[in-house]
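Counting from 305, one number per residue, gives the positions in the sequence shown under the working numbering.
To start, the structure itself, in structure tokens.
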Amino acid sequence: MIDSELLMLAYRSGVFPMADRRDDPDVFWVEPRLRAILPLDGFHLSQSLARTLRRGRFTVTCNTTFPDVLNACAAPRAEEHESWISHRIQASYERLHALGHAHSIECWETLPDGSRILVGGLYGVGFDRAFCGESMFSRRTDASKVALCWLVASLRKAGAQVLDCQFMTPHLASLGAVEISQKRYLTLLKQAQSGALASSTTSSSGAAGAAGVAEADGDAAGRALAVPEAFAALLAEAASAGPASSPGKFIAHFLTQTS
């Protein structure tokens, strides 16, 4: 496995590993010239996605089956012959997860017999006030988007500043992602690690929003981003909203009210 301290140092420096194929024993380190980030205050919640949330089609969880999410993300896809998530990379992230630095959001579909199947999700690495999204998958329409909605809400709740998406895609652009230079990304990443909350940065670059930051303090540098705790807090607030509400309805309202 990649040494966990080395892996976290790479993320803190704006670098991440990839492999050429699933069984590749080697990794290469990537530092894109252009970086995609999803501004937490600029997340685009479409009307159709909001309806999917409100209908509660999927049950959403956090960190309940991290290895299964990685397996699904690494599975062959129609447009890709090989996966960059090698067995070595997967084992390294599973170790990070055990250490509390990597997290997954899962979407489940309930079958007529009451059992659940995993139909979508995502995973990434969290530290200080930054979250680096690694990959997502979807076996049902909007499943990965619903997982992303919960991630964005959880990051806002946790007081995050940066949601890194690595490379821009049309899918991410439709959700509000923007592309910035690696130099600009490193500036935002440094601020996220130091706890800086420059409002001019948030408004001019599309850096992550400041909602929920009151719960974080200047001592946050060096700590793992509290994604599971923020996720649990959102579930608790949804439950306290009353029987007329639901977790999905609460998240749709939360994302709309804090945009």
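C-beta: ideal position from N, C-alpha, C; glycine also.
None of these values were measured; they are calculated from a predicted model.
Beta carbon of residue i nearer than 8 Å to that of residue j
i, j, result
"residue 486", "residue 353", "no"
"residue 489", "residue 318", "yes"
"residue 534", "residue 458", "yes"
"residue 434", "residue 529", "yes"
"residue 341", "residue 469", "yes"
"residue 429", "residue 411", "no"
"residue 348", "residue 492", "no"
"residue 313", "residue 464", "no"
"residue 398", "residue 374", "yes"
"residue 323", "residue 388", "yes"
"residue 456", "residue 559", "yes"
"residue 467", "residue 437", "yes"
"residue 272", "residue 311", "This structure does not reach residue 272, given that the chain is present from 305 up to 563, and the question cannot be answered."
"residue 308", "residue 403", "yes"
Helix, strand or coil at residue i [DSSP, three-state]
i, result
"residue 319", "coil"
"residue 373", "helix"
"residue 472", "coil"
"residue 365", "strand"
"residue 546", "coil"
"residue 312", "helix"
"residue 552", "helix"
"residue 349", "coil"
"residue 502", "Only weak support is given to the placement of residue 502: the predicted model assigns it a pLDDT of 42, under 50, and the question is left unresolved by the model."
"residue 379", "coil"
"residue 331", "coil"
"residue 340", "strand"
"residue 531", "helix"
Whole-Å CB distance - residue i paired with residue j, under 8 Å assumed
i, j, result
"residue 377", "residue 472", "The Cβ separation is near 18 Å, so there is no contact."
"residue 639", "residue 366", "Look at the range of the chain in this structure, 305 to 563, and you will see that residue 639 is not part of it."
"residue 300", "residue 449", "Residue coverage of the chain in this structure runs from 305 to 563, which leaves residue 300 outside it and unanswerable."
"residue 497", "residue 316", "6 Å"
"residue 451", "residue 364", "7 Å"
"residue 413", "residue 444", "6 Å"
Beta strand (DSSP E) runs wholly inside the segment 384–434, at least 3 long, in chain order:
Segments of the beta strand (DSSP E) lying fully in the segment 384–434: 406–414 and 420–431.
Just checking, does the segment 326–336 make contact with the segment 414–430 on the three C-beta pairs under 8 Å criterion?
no
Hey, which unbroken runs of the beta strand (DSSP E) at 3 residues or more fall wholly within the segment 443–495?
466–470 and 482–485
If we count Cβ pairs, one from each stretch, closer than 8 Å, do we get three or more for the segment 390–399 versus the segment 359–366?
no
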